[in-house]
Amino acid sequence: MQTDLSFEQVVRDHQEMVFRTLLRLTGSREHLDDLAQDVFLRLYRALPSFRGEALITTYLYRIAVNVAQDEWRRRRRDRDSHISLSDETSGWEDRLPHPDRNAEQQLEEREFQQCIEDQLQRLSHIERTILVLYHQEERSYEQIAYALGMPLGTVRTHLHRGRKRLREALQQRQTQERRATCANH
Amino acid sequence: MREPLNPEDLSQSAMEHAMEHLDQRIVRALEAAPRLQIPADFAARLSGQLPARRPVSLTPRHYGQYAMLIGTVITLAALVILSLHSTHPTFGLLESLLFVQFIALAVWLSVWRYGLR
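Respectively, the protein sequence lines represent chains A and F.
All residue numbers for the first sequence refer to my numbering, where the first residue is 36 and numbers rise by one.
All residue numbers for the second sequence refer to my numbering, where the first residue is 669 and numbers rise by one.
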């Protein structure tokens, strides 16, 4: 069937972006396949009323954000409050290669990356989403505003606030680590 | 002669430098895309699970066009009948109204047909 073939192509073209965004937004590899499937099925159902091929990526971001939000709600319902990237099904940051660095630097970078992931999951859903769409997915303010259905100024505010909260949390953590090191010596 | 460096200025500059460095690290970490393990058959498997969709007819029906055509014919017939039996002055007004309607329908029909080409 022609429609299915072309839809399969749409999935192929966008699957990496959808998996990547969902992984960062949910903070876990658990059920990632199911969530990605949900995103594409929602897109398939919405396709008859879809206008403008150029916006399919933005449209997919909007669906992915909604699916991630539903997943968070489900987890909250299940009282699964322990959300971390350090579980066995996760830990994608461990597989990031740093070929030009020595082992100590690599370890430090991994720890920092892990810390960022942990802090990212502590932000509000909207702050996390905007940080991921802006930094990881390199979307513009306009695209984020369209995908999330909010004014441009609100996107800027949340981005600024999210980065500030992330920085403050990391500074706090660094201070605590320094104190702990001093106490040990 | 250079002024001696103020230790407070030094510590502030060091703090700003550290802050900038931290910001850069945060942005770098946020920009690092995760490595993915997407099943090779994901797209094909998903396409196989798609719900059946009612086939969409690509042949236009042109119901409006037929209605316009019928309306034109009826108006024309009414005009002919009225012209044959128009003895009363009221019929003259009715005839004019029908004639205007007929012209409007004919123009609309021809423009619409032209647009379909």
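Positions of the beta carbon are idealized from the N, C-alpha and C atoms, including for glycine.
Within 8 Å, strictly: CB atoms of residue i and residue j
i	j	result
F75 (chain A)	L714 (chain F)	yes
E173 (chain A)	T56 (chain A)	no
I706 (chain F)	E51 (chain A)	yes
V102 (chain A)	A182 (chain A)	no
V167 (chain A)	R59 (chain A)	yes
L766 (chain F)	L747 (chain F)	yes
Y169 (chain A)	I179 (chain A)	yes
F42 (chain A)	L718 (chain F)	yes
I98 (chain A)	R77 (chain A)	yes
L95 (chain A)	H49 (chain A)	yes
Y176 (chain A)	R191 (chain A)	yes
L704 (chain F)	M736 (chain F)	no
F759 (chain F)	L750 (chain F)	yes
Closer than 8 Å at the beta carbon, the chain F residues around residue i
i	result
F147 (chain A)	R693, A697
D68 (chain A)	P707, F710
I151 (chain A)	I694, A697, L698
R59 (chain A)	P702
L166 (chain A)	L698
Beta-carbon separation (whole angstroms), residue i vs residue j, contact threshold 8 Å
i	j	result
L201 (chain A)	Q154 (chain A)	5 Å
F147 (chain A)	A697 (chain F)	6 Å
T743 (chain F)	L773 (chain F)	6 Å
L158 (chain A)	G197 (chain A)	6 Å
F710 (chain F)	T740 (chain F)	Rounded, the Cβ-Cβ distance is 57 Å, inconsistent with contact.
E106 (chain A)	L142 (chain A)	Their Cβ separation, rounded to whole angstroms, is 31 Å, which puts E106 (chain A) and L142 (chain A) out of contact at 8 Å.
Check: residue i C-beta below 7 Å from any heavy atom of the ligand SAH
i	result
H170 (chain A)	Absence of the ligand SAH is noted for the structure shown, with no ligands found whatsoever.
Chain A contact residues for residue i, given Cβ-Cβ distances below 9 Å
i	result
L690 (chain F)	R202, L205, Q206, Q209
Interface residues of chain F facing residue i [CB-CB closer than 7 Å]
i	result
R157 (chain A)	By Cβ distance, chain F contributes nothing, its closest Cβ being about 14 Å from R157 (chain A), past 7 Å.
Tell me which residues of the region 697-719 of chain F have at least one Cβ-Cβ distance to chain A shorter than 9 Å, keeping chain order.
A697, L698, E699, A700, A701, P702, R703, L704, Q705, I706, P707, F710, A711, A712, R713, L714, S715, G716, Q717, L718, P719
Per the contact definition of three or more C-beta pairs closer than 8 Å, is the region 204-216 of chain A in contact with the region 141-157 of chain A? yes
Near-chain F residues of the region 169-203 of chain A (beta-carbon distance less than 9 Å), N- to C-terminal order:
Y169, H170, Q171, E172, E173, R198, L201, R202
For the region 44-56 of chain A, which residues have a CB atom closer than 7 Å to at least one CB atom of chain F, in sequence order? V46, R47, Q50, E51, F54, R55
- [ ] Would you list, in chain order, the members of the region 72-85 of chain A that have their beta-carbon closer than 7 Å to a beta-carbon of chain F?
- [x] Q72, F75, Y79
* Asked: Residues in the region 94-111 of chain A with C-beta within 8 Å of chain F's C-beta atoms, listed in sequence order?
  -> none
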